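If you want the numbering used here, it's the 1-based position in the sequence shown plus 72.
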Amino acid sequence: MRKALLIVAFCLGGLPLAAASKDVPSWVTEVSSRTMPSYSGKVPAAVLLEEQHVTLDPSGLMTIVKREAIKILTREGQRAAEADDFYYKGGRQIKQLHAWLIAPNGFEKTFDKSSVADIGAFSEMVLYDDIRLRSIKAENPELGSVFAYETEVEEKAQFAQDEYDFQSALPCVRSRYVLTLPPGWTAQAVVLNHAPIQPIVDGSTYTWELKDLPYREHEEHGTSLRAVTPRLAVDFRPPANAPAFPAALFRSWTDVSRWQGALAAGQDEVTPEISSKVAYLTANAATAYDKIRAIARYVQQIRYVAIEMDLAHGGGYKPHNAASVFEKQYGDCKDKANLMRTMLKAAGLSSYLVAIYSGDRTYVEQEWPSPMQFNHMILAVRVPDAANAATVIPSSVGPLLIFDPTDPTTPVGDLPWYEQGSFALLCAGDQGAILKMPATKPEANTVDLTVDASLAADGDLTVSLISADQGQPAHIERAGHADHTPDEYRIHIQRLLNERAKDVTIAKLATEDLFNQNRFRLKVDFHSHGYAQLMQQRLLVFAPSVVAPSAPFFSQNIKRTEPIVLRAGLYRKQVTIKLPEGFSVDEMPEPLKSESGFASFSLTFRQEPGRLVMQEELRTEAVTLPAGQYSEVKKFFDTFSGADNQKAALVKN
73 MRKALLIVAF
83 CLGGLPLAAA
93 SKDVPSWVTE
103 VSSRTMPSYS
113 GKVPAAVLLE
123 EQHVTLDPSG
133 LMTIVKREAI
143 KILTREGQRA
153 AEADDFYYKG
163 GRQIKQLHAW
173 LIAPNGFEKT
183 FDKSSVADIG
193 AFSEMVLYDD
203 IRLRSIKAEN
213 PELGSVFAYE
223 TEVEEKAQFA
233 QDEYDFQSAL
243 PCVRSRYVLT
253 LPPGWTAQAV
263 VLNHAPIQPI
273 VDGSTYTWEL
283 KDLPYREHEE
293 HGTSLRAVTP
303 RLAVDFRPPA
313 NAPAFPAALF
323 RSWTDVSRWQ
333 GALAAGQDEV
343 TPEISSKVAY
353 LTANAATAYD
363 KIRAIARYVQ
373 QIRYVAIEMD
383 LAHGGGYKPH
393 NAASVFEKQY
403 GDCKDKANLM
413 RTMLKAAGLS
423 SYLVAIYSGD
433 RTYVEQEWPS
443 PMQFNHMILA
453 VRVPDAANAA
463 TVIPSSVGPL
473 LIFDPTDPTT
483 PVGDLPWYEQ
493 GSFALLCAGD
503 QGAILKMPAT
513 KPEANTVDLT
523 VDASLAADGD
533 LTVSLISADQ
543 GQPAHIERAG
553 HADHTPDEYR
563 IHIQRLLNER
573 AKDVTIAKLA
583 TEDLFNQNRF
593 RLKVDFHSHG
603 YAQLMQQRLL
613 VFAPSVVAPS
623 APFFSQNIKR
633 TEPIVLRAGL
643 YRKQVTIKLP
653 EGFSVDEMPE
663 PLKSESGFAS
673 FSLTFRQEPG
683 RLVMQEELRT
693 EAVTLPAGQY
703 SEVKKFFDTF
713 SGADNQKAAL
723 VKN
């Protein structure tokens, strides 16, 4: 689903540009002369000023003037010297786009019309998009330069609300959002990911400002950038006696549900062709759940292709007619969800569209009812006979099975990990509400490794390995297998084996995909030359673990700033190694056990006649932890990885 007027659309443009001034504006000169805070060498560029002034008139026309000045600090930061904005017909027009560059020696450059690029904002999965991008880029600016630009845009408001990001990843010295409303109007705002900010109010003009925002370097196992950087969410409130406002006003999530439902109304017409296909797909389905699964598998295999048109009238949120998607055999997320809704309707089953943010379970905030918080559409199905499934949740319309028809490798009964536990909107008219998406338990997301190996007197190791994955680990492995040719997949597995073993040669590799059970099985027979180190012709030293564990890895010793996001999972491994004739165990690794609020593990070793056996288990909870726990989390998983890689020693009798 496209957030039609927001950053999800990555694109910009409109009417012919006005002639650029030959002189650098005073605001650019003033900002570039300011003393800037000192930053570490890893900071590529710094935003000296970011300002957006929105003026709304009673007809719903928004005039948006944006100014930004960026100082280039490193070679990498040269990429930040770019100005852009987007436009689309009938809804958003660029009135002006100007840019300037001030070099460290004071040389000033004004970019003219010839510097403007006007391009389509298409990606490989978008067949057509009304949105276009206008851009000015400074090529290889000198380090220490200040690049500044100003855009003026006119846009017809779809919603009586707006959203402003106070910063990107770059540090920002000053960031300001200014809103001027018609006389008698008021603004209500929520500040997300930051303490409340009281606006400066001058008549009908509101100003929110933040200063000295730090550099945001992405940290592993962290949230998305927009889930941690300050955002302003604003609602425009007309006076009671004002004429009807043409844009949608949202005071509750039910309002958003009604709005989304009105857009999708009539797009689920069941045609004879759809009815015939549904009858064929469900001919052998014994239960309603079997019908859901058969229809879901069909819709999952429809190509993901987006066509975004009529954005000024909700085109970015409105699904295409199901009959058209069925005939053409392609569509985007909202189209696929709507087609499945229609096919379920033909099978006598009720379902509802669900708006969600895909990619970060921490992103959506309950306190701001707005479709602008979502970028994806999935489905909720009434389930009379599957109430015990892991992805069934209660709701005002009854038990709902949550499913993503866009993801081709996650079957019914599961949900992609990046959607689990997030807030999403059930689009059910007056019964619509914000719901917490299901989150599966560690026991539903398992990796079971069985390793049978034989160690030779020269240190070579012959191994038969079976990896049985279930739940999201199966989804990940299934997707990886589908994205590679057989030879590429074999090389991928060999690289994984070489993380712990060395000089690996794969003798046999086979996979088995039990899709409906959400299980994926991999069997590999391989040989590792010199796996054990032979010392003084009488000692063999090796790690009994054979393969590296499936566990979170934290590589950086840093002062953490982002929350830590862990996924639910249960990893189990049993390794049995046949010892070479004439050798006995001289030194065994130490068993270890550890528990915390977010994970636990146990590790044991034992001797049997002619064999060494290792067993381990790691259980990780689906939690989001504060940055202050980083050292504790890193220490826990470092301890686990270190324990897993302990060495054993054999001595020649």
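For glycine and all other residues, C-beta sits at the position ideal for the given N, C-alpha and C. These numbers come from a predicted model, not from an experiment.
By the neighbour-count criterion, in which 16 or more other beta carbons inside 10 Å mark a residue as buried, I346 falls on the buried side. Under the three-state reduction of DSSP output, D476 falls in the coil class, being neither helix nor strand. Remark: C-beta atoms of V225 and D157 approach each other more closely than 7 angstroms.
DSSP, reduced to helix, strand and coil, places L253 outside both helices and strands of the structure shown, so it counts as coil. A distance below 7 angstroms separates the beta carbons of I208 and A155. Considering only T223, R248, N177, the residue with the shortest C-alpha distance to V188 is T223. The DSSP assignment places complete beta strand (DSSP E) segments of no fewer than 3 residues inside the stretch 580-621 at 591-600, 605-607, 611-614, in order along the chain.
In the DSSP assignment, T182 falls within the unbroken beta strand (DSSP E) covering 180-183.
Each of L537, L242, A378 was checked against the Cα of Q150, and the nearest Cα belongs to L242. Pairing N410 with T258, the inter-Cα distance amounts to about 37 angstroms.
No residue range can be given for V436, since it is assigned to no alpha helix (DSSP H) and is classified by DSSP as neither H nor E.
The C-beta separation of Y424 from L498 comes to about 6 angstroms, placing the pair in contact by the 8 angstroms criterion. Its Cα nearest to that of T414, the residue D340 stands out among F708, A358, T359, D340. For R204, the enclosing beta strand (DSSP E) has its first and last residue at 204-209. Less than 7 angstroms divides the Cβ of A171 from the Cβ of Y221.
Judged by pairs of C-beta atoms under 8 angstroms, the stretch 307-320 does not touch the stretch 265-278, as fewer than three such pairs exist.
P456 sits exposed, since fewer than 16 C-beta atoms from the chains shown fall within 10 Å of its C-beta. Note on geometry: alpha-carbon atoms of L416 and V484 lie some 14 angstroms from one another.
DSSP, reduced to helix, strand and coil, places F712 within a helical segment of the structure shown. Around the beta carbon of P109, a 10 Å sphere encloses fewer than 16 other beta carbons of the protein chains shown; the residue is thus reported as exposed. In the displayed model, T512 falls within coil according to three-state DSSP, outside both helix and strand. Proximity to T277 across T711, D190, V250 peaks at V250, based on C-alpha coordinates. In the three-state reduction of the DSSP assignment, H293 falls in the coil class, being assigned neither a helical nor a strand state. Our two residues, D658 and L612, have alpha carbons roughly 9 angstroms apart in a direct line.
Residue state for Q646 is assigned as strand, using DSSP reduced to three classes.
Only residues of its own chain outside the window of five on either side were considered, and among them V576, F598, V619 have a CB closer than 7 angstroms to the CB of L569, listed in chain order. Linking Y376 to T481 through their CA atoms gives a straight-line distance of about 13 angstroms.
Per DSSP, L638 lies in no alpha helix (DSSP H) segment and is marked neither H nor E.
Boundaries of the beta strand (DSSP E) around W172: 164-174.
Within the same chain, Cβ atoms closer than 8 angstroms to the Cβ of T101 are found at I174, the five residues on either side in sequence being excluded. By the 16-neighbour rule on beta-carbons within 10 angstroms, T711 is exposed.
Note that the C-beta distance between V695 and F670 is below 7 angstroms. DSSP, read as helix, strand or coil, puts L416 in helix.
When C-beta atoms of the stretch 289-306 are compared with those of the stretch 632-647, three or more pairs fall below 8 angstroms, so the two segments count as touching.
Inter-residue distance for R139 and R567 is about 48 angstroms (C-alpha atoms, whole angstroms). Y278 has L251, V273 as its beta-bridge partners, per DSSP.
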